[in-house]
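The sequence shown begins at 1356 in this note's numbering and counts up by one. The structure under discussion appears below in the form of structure tokens.
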Amino acid sequence: MAADIELEVGTRTVRISNPDRVYFPALGATKLDLARYYISVGDGIVRALRDRPCMLHRFPAGIAGEKVHQKRVPSGAPPWLETVRVEFPRYGRHAYELCVTELASVIWAVQMSTVEFHPWNSRKADTERPDEWRIDLDPMPHCGFGTVRRVAQVVHELLDELGAAGWPKTSGGHGLHIYVRIEPRWGFGEVRRAAHAFAREVERRAADDVTTTWWRKDRDPAKLFVDYNQNARDHTIASAYSVRGAREATVSTPITWDEVDDVEPGDCTIATVPARFARLGDLHRGIDDTAYSMDTLLEWADRDGLD
């Protein structure tokens, strides 16, 4: 193994041990390559994670090895690293999770073998009131990406009717995510209920392509599931600009609505996204400019009798 190296990240110095350890065999990309990727999209990844409790998906031996889901920041973390306390009432426990406020904390997490960043949809100021609604277009095993594209356009049309700005990104897998900033007035249960009502309306408009059937075994394998449960408390999905634990080092990449019909998610990797980011900047840079009220969706939830 190569000697440890130090990276200057803003005003911090972050040590990277085992920098030449191969994390992504298909690309030959190393731990140091991963750190340099996150530095290259620094503004974007910090914006995506800022002030949010964040669960880390760690791969100490690279993505061919065991994945560790880590909520708690370990002892020995640098004193400048910020955390946020979150409660788990069901188990009578709590955890201090990473709370990104600067790029150095992202690179520290990479040093800790983090590949994927999975933030909450609420922030440190009030962890119990989400400010982000997540629309997860999750294709079933026999659902092609063409269906994902069609449903995404239905989602776009419906968001426009509601007066809500949607910010799409690839999932880093086979689907798409659309984020909507919302007023932090409701708890997780109400946000999930509103998201369910929206999913039901998408299903009505695209009945041949969409299912909201809850149990996976009961879903048509050729349809797309609009996974409203990603808005439940303590459910997380990979952030914008998060690398995924895949051999090809795919990235959950912000796109424009005009790109939905052409994007090939497999083309968005740590090898290609830095040049795209340098050319386009962060396509989600305006995401915090406006916040949507969920009142209409909650009225739909009442109409549909959704719990």
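Glycine included, every Cβ here is placed at the ideal spot set by N, Cα and C.
Exposure of residue i, with buried meaning 16 or more beta-carbon neighbours within 10 Å
{"i": "His1473", "result": "buried"}
{"i": "Lys1426", "result": "buried"}
{"i": "Val1423", "result": "exposed"}
{"i": "Leu1635", "result": "exposed"}
{"i": "Phe1443", "result": "exposed"}
{"i": "His1412", "result": "buried"}
{"i": "His1449", "result": "exposed"}
{"i": "Gly1399", "result": "buried"}
{"i": "Lys1572", "result": "exposed"}
{"i": "Ala1633", "result": "exposed"}
{"i": "Asp1711", "result": "Examination of residue 1711 is not possible in this model, given that the chain is present from 1356 through 1662 alone."}
{"i": "Trp1463", "result": "buried"}
{"i": "Arg1559", "result": "exposed"}
{"i": "Glu1556", "result": "buried"}
{"i": "Glu1471", "result": "buried"}
{"i": "Trp1569", "result": "exposed"}
Inter-residue CB distance, residue i and residue j (contact presumed, cutoff 8 angstroms)
{"i": "Ala1320", "j": "Ile1625", "result": "No answer is possible for residue 1320: it lies beyond the span of the chain, which begins at 1356 and ends at 1662."}
{"i": "Ala1390", "j": "Val1465", "result": "5 angstroms"}
{"i": "Val1401", "j": "Glu1457", "result": "7 angstroms"}
{"i": "Leu1653", "j": "Glu1545", "result": "6 angstroms"}
{"i": "Val1628", "j": "Val1396", "result": "7 angstroms"}
{"i": "Ser1468", "j": "Pro1415", "result": "5 angstroms"}
{"i": "Asp1493", "j": "Asp1582", "result": "5 angstroms"}
{"i": "Pro1574", "j": "Ala1459", "result": "A small correction: the amino acid at residue 1574 is Arg; Pro does not occupy that position in the sequence shown. About 43 angstroms; that fails the 8 angstroms criterion."}
{"i": "Pro1620", "j": "Phe1543", "result": "Actually they are not in contact, since the Cβ atoms of Pro1620 and Phe1543 sit about 28 angstroms apart, beyond 8 angstroms."}
{"i": "Ala1656", "j": "Arg1548", "result": "5 angstroms"}
{"i": "Val1503", "j": "Ala1561", "result": "The pair is not a contact, with the Cβ atoms about 11 angstroms apart (cut-off 8 angstroms)."}
{"i": "Tyr1393", "j": "Val1441", "result": "23 angstroms between Cβ atoms; not a contact."}
{"i": "Glu1524", "j": "Ser1607", "result": "Looking at the sequence shown, residue 1524 is not Glu but Lys. Yes, they are in contact, since the Cβ atoms of Lys1524 and Ser1607 sit about 6 angstroms apart, within 8 angstroms."}
Separation of residue j from residue i, as counted between CA atoms
{"i": "Lys1578", "j": "Asp1564", "result": "5 angstroms"}
{"i": "Leu1661", "j": "Phe1379", "result": "43 angstroms"}
{"i": "Thr1566", "j": "Gln1585", "result": "15 angstroms"}
{"i": "Ile1537", "j": "Gly1501", "result": "29 angstroms"}
{"i": "Gly1499", "j": "Asp1491", "result": "15 angstroms"}
{"i": "Trp1522", "j": "Pro1609", "result": "8 angstroms"}
{"i": "Val1455", "j": "Asn1373", "result": "24 angstroms"}
{"i": "Asp1650", "j": "Thr1482", "result": "21 angstroms"}
{"i": "Arg1631", "j": "Val1618", "result": "13 angstroms"}
{"i": "Arg1602", "j": "Ile1418", "result": "7 angstroms"}
{"i": "His1551", "j": "Val1439", "result": "28 angstroms"}
{"i": "Arg1370", "j": "Glu1361", "result": "4 angstroms"}
{"i": "Ala1604", "j": "Met1495", "result": "22 angstroms"}
{"i": "Ala1554", "j": "Ser1526", "result": "18 angstroms"}
{"i": "Ser1648", "j": "Leu1436", "result": "33 angstroms"}
{"i": "Gly1420", "j": "Gly1518", "result": "45 angstroms"}
{"i": "Tyr1446", "j": "Met1410", "result": "17 angstroms"}
{"i": "Asp1637", "j": "Glu1516", "result": "26 angstroms"}
{"i": "Asp1589", "j": "Glu1452", "result": "12 angstroms"}
{"i": "Pro1434", "j": "Gly1365", "result": "16 angstroms"}
{"i": "Ala1587", "j": "Thr1611", "result": "26 angstroms"}
{"i": "His1497", "j": "Thr1591", "result": "25 angstroms"}
{"i": "Gly1600", "j": "Trp1541", "result": "32 angstroms"}
Test: residue i CB closer than 8 angstroms to a CB of chain C
{"i": "Trp1570", "result": "The structure shown contains no chain C; it is built from a single protein chain."}
Where the alpha helix (DSSP H) through residue i begins and ends
{"i": "Arg1658", "result": "1650-1659"}
{"i": "Thr1525", "result": "Segment 1522-1525 is the beta strand (DSSP E) holding Thr1525; no alpha helix (DSSP H) there."}
{"i": "Val1455", "result": "Segment: none, Val1455 is in no alpha helix (DSSP H) and carries neither H nor E."}
{"i": "Thr1502", "result": "1500-1517"}
{"i": "Ile1400", "result": "1397-1404"}
{"i": "Val1618", "result": "No alpha helix (DSSP H) holds Val1618; DSSP gives it neither H nor E."}
{"i": "Pro1629", "result": "1628-1635"}
N- and C-terminal bounds of the beta strand (DSSP E) containing residue i
{"i": "Ala1601", "result": "From DSSP, Ala1601 is part of no beta strand (DSSP E); its letter is neither H nor E."}
{"i": "Ile1360", "result": "1360-1364"}
{"i": "Glu1558", "result": "Here Glu1558 belongs to no beta strand (DSSP E); instead the alpha helix (DSSP H) covers 1543-1560."}
{"i": "Asp1573", "result": "Careful: Asp1573 lies outside any beta strand (DSSP E) and carries neither H nor E."}
- Three or more beta-carbon pairs under 8 angstroms between the region 1496-1513 and the region 1630-1645, yes or no? The region 1496-1513 vs the region 1630-1645: no contact.
- Cβ contact (3+ pairs, closer than 8 angstroms) linking the region 1394-1412 and the region 1472-1487: Contact holds: three or more Cβ-Cβ distances are below 8 angstroms.
Q) Does the pairing of the region 1527-1539 with the region 1584-1602 give three or more beta-carbon distances under 8 angstroms? A) Counting C-beta pairs with one atom in each stretch, the region 1527-1539 and the region 1584-1602 have three or more that are closer than 8 angstroms, which means they touch.
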